[in-house]
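Residue numbers (numbering that gives the first Met the number 0): 0 to 186. All C-beta atoms in this analysis are idealised placements derived from N, C-alpha and C, irrespective of residue type, glycine included. None of the values given here were measured: they were computed from a predicted structure. A short worksheet on the structure shown next.
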Amino acid sequence: MRESKIWMATSSDDKYTEARDILTEFGVELERIDVEKIEVQADDPVEIVVYSLRQMEDDGRAVVMEDAGIFIEHLGGFPGPYSSYVLGRLGNPGILKLMEDVEDRSAHYQSAVAIRSGNEISSFRGYVRGTIASSVKGTGGFGYDPIFIPDEGDGRTFGEMTEEEKNVISHRARAFRKLGEWLASSP
Ligand code: IMP
0 MRESKIWMAT
10 SSDDKYTEAR
20 DILTEFGVEL
30 ERIDVEKIEV
40 QADDPVEIVV
50 YSLRQMEDDG
60 RAVVMEDAGI
70 FIEHLGGFPG
80 PYSSYVLGRL
90 GNPGILKLME
100 DVEDRSAHYQ
110 SAVAIRSGNE
120 ISSFRGYVRG
130 TIASSVKGTG
140 GFGYDPIFIP
150 DEGDGRTFGE
160 MTEEEKNVIS
170 HRARAFRKLG
180 EWLASSP
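Spelled out as structure tokens, the structure:
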């Protein structure tokens, strides 16, 4: 069903703003429901987000949720699904310490977005590849942004970019663009 207004359940202002600005490109209005999502322990962000969505009471509104994480090759994909926990415990300085003198600094962000509309749940993924910086750089964005340098950029971290610049290539933007395209092509 074609939805021109949907609700994002999230406790993050940053995620909401990025997602809202992407969906605007598709003529879709994104409103917000401020909730902490109930997460299940799983490796796959899609599994986490679909589970979280199922836990939410269905009041008839089309609701979208997102789960994201950063996966660092040298650390076997860590912190991945534990990204939120690790950011709270180690922070970016702790990650940089784990990566001290490490040559392979490749990493990727992954975003999983799921929407529930009626009885149907659909999900979309977005990725961005990059490297872990040698120090914390920039005050923009949130979370791991000041230590993540996207491959498709100009050497700056996401934390040194404007939201508009991040939204050209970010994992979240890519997942939400897929959702936007899906909504726009729905009859
Ligand atoms: P969650 O999707 O809310 O579970 O996010 C997992 C963790 O990854 C949180 O600590 C976020 O701060 C971090 N994170 C998710 N997306 C991004 C992003 O786009 N930039 C930086 N950190 C992010």
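Residue i to residue j span [Cα, whole Å]
i	j	result
V135	H73	19 Å
K14	E102	31 Å
L22	I47	22 Å
H170	Y108	6 Å
Y81	E159	24 Å
V45	E99	31 Å
E210	D150	Nothing can be reported for residue 210: it is not among the residues displayed for the chain, which extend from 0 to 186.
CB contact flag (residue i, residue j, <7 Å)
i	j	result
G129	F147	yes
A61	I32	no
V112	A172	no
E35	S10	yes
T161	P145	no
L97	G142	no
L182	E28	no
Endpoints, the beta strand (DSSP E) within which residue i is located
i	result
D66	62 to 71
R31	28 to 32
A183	Looking at the DSSP string, A183 is not in any beta strand (DSSP E); the run it does join, the alpha helix (DSSP H), is 170 to 184.
K4	4 to 8
I148	147 to 149
For residue i: DSSP bridge partner residues
i	result
R115	V62, I120
P78	F70
G125	S110
S105	T130
Host alpha helix (DSSP H) of residue i (start-end)
i	result
A132	Neither: A132 is in no alpha helix (DSSP H) and is coded neither H nor E.
I94	90 to 97
S51	44 to 54
E17	12 to 23
request  = Measuring from each Cβ to the nearest heavy atom of ligand 1, keep the ones under 5 Å and list them in chain order.
outcome  = D66, A67, S82, S83, L86, G142, Y143, D144
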